[in-house]
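Per the UniProt record's numbering, residue 1 is the first one in the first sequence, and the count goes up by one each step.
Every residue, glycine too, gets a C-beta built ideally from N, C-alpha and C.
Since this is a predicted model, take the numbers as computed values, not measurements.
One structure is given here, and the rest of the page talks about it.
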Amino acid sequence: MTRLPPLRRRVLSWYRKHKRDLPWRRTRDPYAIWVSEIMLQQTRVETVVPFYRRFLRRFPGVSSLAKARESQVLAAWSGLGYYRRARHLHAAARIVVRRHGARIPEDRASLLALPGIGEYTAAAIQSIAFGRAAAAVDGNVIRVLARIGGYTGRRDSATLRRAVTATAESLTRGPDPGDWTQALMELGATTCVPRDPLCDRCPAARDCVAKRRGRPDRFPEAQRAVLPREEHRVVLVARSGRRVLLIPDDADARATWTLPYARLGASSSSRAARPVLGSGRAALGDLPRSRTAARAFPYPQGTTHVRSIVRGSRRML
DNA sequence: CAAGCGTGGCG
DNA sequence: TCGCCAAGCTT
């Protein structure tokens with residue numbers, strides 16, 4: 001483990017040379033960094049960028065976000081997915097205004113108390129926005145450190161997570177905690193990628209146990225496969241222009257409803273044609289602007305139908 | 001702690 | 001076309 005500090009230095013200098021120019025790397029505003037971290041949960045950088053720009057234009061600070069109606073926040077989030085993140089972010093903004101005088105808290109406990117902020121996001125905000133040493137362990141970090149350390153176990157196993165977290169915590173100590181947090185994730189996102197990692201340009205190649213053993217792509221072990229499942233229900237569909245209203249026949253207030261794109265023969269690329277319809281008793285949303293989306297949407301202008309809809313979900317094998 | 005949550009990209 | 005996965009959190 002005496003080799004870890006040189007490893008940290010090499011990865012940091014690699015990051016400064018190769019990091020992507022991303023909008024949230026051009027600010028030190030904790031609110032903006034918070035928004036970026038929430039959007040980036042389970043979502044790729046390239047997907048987030050346009051949403052991040054629009055969202056910050058629409059809600060430039062925590063106070064404007066807190067003042068907005070939830071429906072406005074959801075509208076700005078529409079198309080990004082995982083809509084609970086938007087509800088949590090909005091609720092958290094109101095808490096920050098009320099309880100913290102509209103300043104993003106710096107300490108771990110206060111951050112964790114905000115809806116939508118877990119261990120990873122709290123540590124990411126602490127290090128990136130406030131320069132505090134905190135180990136942000138996300139999927140990238142698990143993969144990168146599992147490979148470097150040669151740790152076995154599945155990506156979501158408690159054992160692997162513990163081993164990685166211990167290593168990550170020992171590595172946080174040192175200069176520039178925020179850059180370090182981002183460096184490790186950047187390495188995972190661009191070089192130490194899940195399949196076919198680019199070891200010949202990796203600053204940690206000489207430290208990497210998985211590479212030494214061969215087949216670094218085998219770390220961490222594969223996740224279990226999942227099966228899709230469909231539920232068919234009856235809903236009322238009303239459309240006016242690009243506005244769409246869904247009223248399900250029963251009130252599962254927590255479900256997010258979309259229309260049955262799969263039955264239209266839609267390919268994965270036109271899954272984007274699904275209107276985002278929020279959740280609850282009645283769900284209101286907009287059709288995407290693209291021509292493909294308009295073609296894939298079978299409900300004519302100005303009419304009302306009763307159709308079946310699909311709720312996609314996942315189940316372990 | 002497993003399940004559920006949206007969407008897009010890749011081989 | 002299909003399966004897997006991606007800057008996780010909540011219940």
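Query: Check whether residue 143 and residue 203 have beta carbons under 8 Å apart; Result: no
Query: Boundaries of the alpha helix (DSSP H) in which residue 152 is found, first to last residue; Result: Note, residue 152: premise wrong, no alpha helix (DSSP H); not H, not E.
Query: DSSP beta-bridge partners of residue 221; Result: 154
Query: Backbone CA spacing between residue 146 and residue 152 [nearest angstrom]; Result: 7 Å
Query: Environment of residue 71 [buried if 16+ CB atoms lie within 10 Å]; Result: exposed
Query: Beta-carbon spacing of residue 92, residue 114 below 8 Å; Result: yes
Query: Secondary structure of residue 127, DSSP reduced to three states; Result: helix
Query: Beta-carbon spacing of residue 85, residue 116 below 8 Å; Result: yes
Query: Local Cβ density within 10 Å of residue 158, reported as buried at 16 or more and exposed below that; Result: exposed
Query: Own chain, CB closer than 7 Å to residue 40, minus 5 neighbours either side, in chain order; Result: 48
Query: 8 Å Cβ cutoff met for residue 27 and residue 81; Result: no
Query: Alpha-carbon to alpha-carbon, residue 155 and residue 130; Result: 29 Å
Query: Helix, strand or coil at residue 189 according to DSSP, with G and I counted as helix; Result: helix
Query: Test item: CB-CB of residue 15 and residue 179 under 8 Å; Result: yes
Query: Check whether residue 11 and residue 63 have beta carbons under 8 Å apart; Result: no
Query: Residue 5 versus residue 75 - alpha carbon distance; Result: 45 Å
Query: Where the alpha helix (DSSP H) through residue 30 begins and ends; Result: 30 to 39
Query: Distance between residue 19 and residue 193 (C-alpha atoms, nearest Å); Result: 15 Å
Query: Coarse secondary structure for residue 199, derived from DSSP in three states; Result: helix
Query: Residue 125 and residue 30 closer than 8 Å at C-beta; Result: yes
Query: Own chain residues within Cβ distance below 6 Å of residue 216, not counting five before or after; Result: 147, 197 and 210
Query: Residue burial classification, residue 227 (beta-carbon count within 10 angstroms, cutoff 16); Result: Residue confidence for residue 227 is low, a pLDDT of 44 falling below 50, so the modelled location carries little weight and cannot support an answer.
Query: Proximal residues to residue 65 (C-beta, below 6 Å), its chain only, five neighbours per side dropped; Result: 59 and 93
Query: Environment of residue 13 [buried if 16+ CB atoms lie within 10 Å]; Result: exposed
Query: Whole-number beta carbon distance between residue 56 and residue 32, since they are thought to touch under 8 Å; Result: 6 Å
Query: Reduced DSSP category for residue 323 - H, G, I as helix; E, B as strand; rest coil; Result: A query on residue 323 cannot be resolved here, the shown segment of the chain reaching from 1 to 317 and no further.
Query: Distance CB(residue 214)-CB(residue 140) smaller than 8 Å; Result: no
Query: Nearest-angstrom Cα separation, counted from residue 183 out to residue 200; Result: 17 Å
Query: Beta-carbon gap between residue 175 and residue 134 smaller than 8 Å; Result: no
Query: Beta carbon of residue 137 nearer than 8 Å to that of residue 161; Result: yes
Query: DSSP state of residue 56 mapped onto helix, strand, coil; Result: helix
Query: Terminal residues of the alpha helix (DSSP H) in which residue 77 lies; Result: 70 to 77
Query: Separation of residue 166 from residue 25, as counted between CA atoms; Result: 27 Å
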